[in-house]
Amino acid sequence: MFRLLVSFLRSPHFGAFLLLVSSLLLSGWARAQAGAPNPTVRVSGTISAAATRQPIAGATVVVQRTRRGVAANVEGDFLITALPSDTLLFRALGFKPKRFALSNTSLSQLVVQVALVRDSVKLSEVRVTADRPDRASINRALRNIK
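Listed below in structure tokens is the structure:
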């Protein structure tokens, strides 16, 4: 048995056999990697202040799993794509953040209205100092403009 194996390994057919087996294994691996595409959910809607119902321009919507996000436009509208198992995080300066779990929805599109509650931010200390710019750096900048 051992002699048969050694003679096969030294034969010219071994290379063709090895190439055939490796290509079959790699094609199966590639097919497994491709698999079925993950279903995604297009989540759109408006972000507004809870008390006034005014849209919040620049509020952010982030998919927590990937940390990928978008900013709401001037009307507070947004559009983001996520997986059905994801959780979205809505944030805006001066408002409490809000989480929204998609809860493995089977929908391909979801429209939501998000109302954020005001939150006061207390700053411990704000220090404003004024410095006069160096005259030489101003002259150098003016020379570069000419």
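If you're matching positions, the sequence shown starts at 1496 in our numbering and goes up one per residue. We put the CB at the ideal spot given by N, CA and C, even for glycine.
Are the Cβ atoms of S1601 and T1535 separated by less than 9 Å?
Result no, Cβ atoms of S1601 and T1535 do not sit closer than 9 Å.
Based on DSSP bridge pairs, tell me the residues matched to A1596.
Within the DSSP secondary-structure output, A1596 pairs in a beta bridge with T1582.
Anyone know if the C-beta pair for V1538 and A1577 falls short of 9 Å?
With contacts defined by Cβ atoms closer than 9 Å, V1538 and A1577 form a contacting pair.
For D1581, which residues in the same chain have their Cβ closer than 6 Å to its Cβ, ignoring the five residues on either side in sequence?
Within the same chain, D1581 has close Cβ partners V1558, R1560 and L1597.
Pick from R1635, P1550 and P1579 that is closest to N1599, judged by C-alpha positions:
The candidate whose alpha carbon is nearest that of N1599 is P1579.
For R1537, report the span of its beta strand (DSSP E) as first-last.
Unbroken beta strand (DSSP E) run through R1537: V1536 to A1544.
To the nearest angstrom, how far is it from the Cα of D1614 to the Cα of G1553?
A direct Cα-Cα distance of roughly 16 Å separates D1614 from G1553.
Taking G1571 as the reference, give the member of G1589, K1593 and R1548 with the closest Cα.
Considering only alpha carbons, the answer is R1548.
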